[in-house]
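Notes follow the structure.
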Amino acid sequence: MLLIVTRLFLIAFLCLPLLSSCVATGFQRVSKSPPPVQTPAFAQELSHIAKTPWTEGNAILTLENGGNYFPAMLKAMREAKKTLTFESYVCVDSEPTQRFSQMFAERARAGVRVHVLLDAFGCSKYGEANLKVMRDAGVQLHLYRPMNLLVPWKFIHRTHRRALVADGKVGFMGGAGWAYCWDGHAENVHRWRDTQYELRGPVVAQLQDNFNDNWEELTGHRLTGPDYYPPLAKAGNLKAQMALGSPEKLGDTLGSTYLLAFRAAQKSIVIAHAYFIPNAPLRDALKDALKRGVKVQIIIPGKHIDFPASRSVNTRYLRQLVAAGAELYEFQPTMTHGKLVIVDGHLSIAGSTNLDQRSFFINDENNLNVLDAAFSARQLDMVERDKQRSKRLERADLNLSLGRRFQAAFCRIFEYQM
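Residue numbers (UniProt numbering): 1 to 418.
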């Protein structure tokens with residue numbers, strides 16, 4: 001992660017004069033006093049902000065850590081008979097990446113149409129052998145936006161999405177990558193804590209749309225027909241939507257969703273995020289929520305964070321929020337990489353999107369929004385287990401060394417890129 005961001009900083013610095021013309025610049029107009037999240041009026045407003053309709057009748061399984069989600073994803077791939085679509089920001093040559101590459105190749109040789117889209121930057125260490133295995137088997141594989149010296153500013157824009165869809169019927173999404181650190185069960189400092197979600201029901205078609213957004217951009221055609229979009233019967237009782245983050249095409253949709261949710265909160269906001277660098281409107285919304293008596297809890301990585309500079313930058317924001325009454329927790333055992341927000345025990349937002357401006361205004365992302373108390377309760381139970389392995393921080397714990405202060409001052413120049 002550190003190497004990736006360092007390289008992006010260098011490119012950003014060289015392209016600063018051009019960035020304002022190639023990224024979204026701010027949130028949508030969001031109501032300052034939205035209706036409560038449990039109401040139909042809120043669902044309608046969120047759909048408008050996210051530019052995505054709601055779907056009914058979904059089943060969503062929460063899969064904690066790679067030891068659970070990697071086997072589930074490989075099983076769905078193995079059982080695919082017609083199509084597989086896959087998009088990822090980060091895959092590193094490792095056993096998990098090798099297993100997935102070999103499974104894609106196996107299914108392609110079996111006659112399944114396999115489409116793989118990898119971010120050229122985040123997957124730069126995918127491994128030529130793994131790419132060759134897939135290409136030799138007939139996998140349709142594309143790299144998203146390799147460096148082009150004629151238009152270097154386009155390299156700033158990455159696809160940070162995670163999506164796997166098998167036969168158009170079962171989907172997986174979240175914030176995980178494919179590397180050794182994502183395997184296992186967060187049992188030691190080398191195995192990260194993360195979450196993926198298994199989707200069934202009508203919302204899977206929206207996840208397929210998320211994949212198609214960039215597939216069409218790269219290839220000039222959209223995957224269509226019943227092999228990719230079969231009729232999807234009711235699979236459960238959840239109201240859900242897959243919100244597309246595509247700032248070049250849609251402007252901001254995801255940051256505005258968080259802003260709407262924070263402003264609507266009446267009882268509680270729970271934030272479990274790996275990279276927590278909220279901009280001024282989100283910080284103000286959290287402070288206003290605290291003034292209304294809303295309980296705000298924030299869970300972030302501790303000393304095992306893979307990108308310490310983000311903590312140097314966000315520490316002053318954390319001090320402000322703790323001073324305003326927020327509860328702050330550091331996850332202790334290992335890096336926690338999840339991206340989850342739960343509001344009033346009814347709205348859950350999870351996906352690839354970090355709480356930072358790069359995710360809102362530059363990267364392509366995808367988030368799952370769910371309006372359901374029982375689903376939110378399961379997310380809260382998961383967060384509570386993580387809190388049991390976390391340390392609560394007070395304002396006095398949020399002092400930076402002189403070196404970290406210099407680091408923060410430097411990194412704030414590039415905060416928009418973090």
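We treat Cβ as the ideally placed atom computed from N, Cα and C, and that holds for glycine.
Owing to the predicted nature of the structure, the values given are computational and were not obtained by experimental measurement.
- Taking C-beta atoms under 8 Å as the contact rule, Leu254 and Glu365 qualify, at a distance of about 6 Å.
- In this structure, Leu207 keeps its C-beta atom at 8 Å or more from the C-beta atom of Leu218.
- Counting along the chain, no beta strand (DSSP E) covers Gln320; the unbroken alpha helix (DSSP H) around it starts and ends at 308 to 323.
- For Gln140, the pairing in a beta bridge is given by DSSP as His115.
- Here Leu150 is exposed. Its C-beta has fewer than 16 other C-beta atoms within 10 Å.
- For Ser268 and Gly138, the gap between their C-alpha atoms comes out near 50 Å.
- Shown here, Pro247 sits in a helix according to DSSP, grouped into three states.
- Looking at the DSSP output, Cys91 sits in a beta bridge with Trp178.
- Within 10 angstroms of the beta-carbon of Pro40 lie fewer than 16 other beta-carbons, which makes it exposed.
- Between the segment 127 to 137 and the segment 320 to 337, the count of Cβ pairs shorter than 8 Å is below three; the stretches do not touch.
- Between Ala240 and the set Phe375, Lys249, Arg222, Thr159, the nearest pair of CA atoms involves Phe375.
- Sorting Arg107, Arg158, Trp153, Arg109 by C-alpha distance to the C-alpha of Leu117 places Arg158 at the top.
- In this structure the segment 342 to 361 does not touch the segment 315 to 322; the number of beta carbon pairs closer than 8 Å is below three.
- When DSSP assignments are scanned along the segment 331 to 400, the uninterrupted stretches of beta strand (DSSP E) that are 3 or more residues long and fall wholly within it turn out to be 339 to 343, 347 to 351, 365 to 371, 390 to 393.
- Considering only Ala280, Asp213, Ala274, the residue with the shortest C-alpha distance to Pro247 is Asp213.
- When the alpha-carbon of Val270 is set against those of Gly168, Gly345, Lys125, the nearest one is in Gly345.
- Taking a C-beta distance under 8 Å as the contact criterion, Leu260 and Ile49 qualify as a contact pair.
- Remark: fewer than three beta-carbon pairs, one from each stretch, lie closer than 8 Å, so the segment 282 to 293 and the segment 58 to 68 are not flagged as touching.
- Secondary structure at Glu216: helix, using DSSP grouped into helix, strand and coil.
- By the beta-carbon neighbour count (other beta carbons within 10 angstroms, threshold 16), Asp194 is buried.
- For the pair Arg162 and Gly175, the CB atoms are nearer than the 8 Å cut-off.
- DSSP, reduced to helix, strand and coil, places His48 within a helical segment of the structure shown.
- Taking a C-beta distance under 8 Å as the contact criterion, Asp386 and Thr336 qualify as a contact pair.
- Its Cα nearest to that of Ser359, the residue Thr257 stands out among Thr257, Leu398, Met103, Thr315.
- By alpha-carbon distance to Val30, the top candidate from Arg389, Leu282, Ile298 is Leu282.
- Between the segment 304 to 312 and the segment 386 to 397 there are fewer than three inter-stretch CB-CB distances shorter than 8 Å, so the stretches are not counted as touching.
- Non-local C-beta neighbours of Ser101 in its own chain, meaning closer than 6 Å and more than five positions away in sequence, comprise Asn130, Val133, Met134, ordered along the chain.
- In the displayed model, Phe121 falls within coil according to three-state DSSP, outside both helix and strand.
- Boundaries of the alpha helix (DSSP H) harbouring Ala285: 280 to 291, taken from the DSSP string.
- The C-beta distance from Ala265 to Val383 rounds to 16 Å, too long to fall under 8 Å, and the pair is not in contact.
- When secondary structure is reduced to three states using DSSP, Thr55 falls in the strand class.
- Beta-bridge pairing by DSSP links Thr253 to no other residue.
- Contact annotation: Val204 and Lys234 have beta-carbon atoms that are not nearer than 8 Å.
- Put simply, of Ala186, Asn237, Gln196 the residue whose alpha carbon is nearest the alpha carbon of Ala373 is Asn237.
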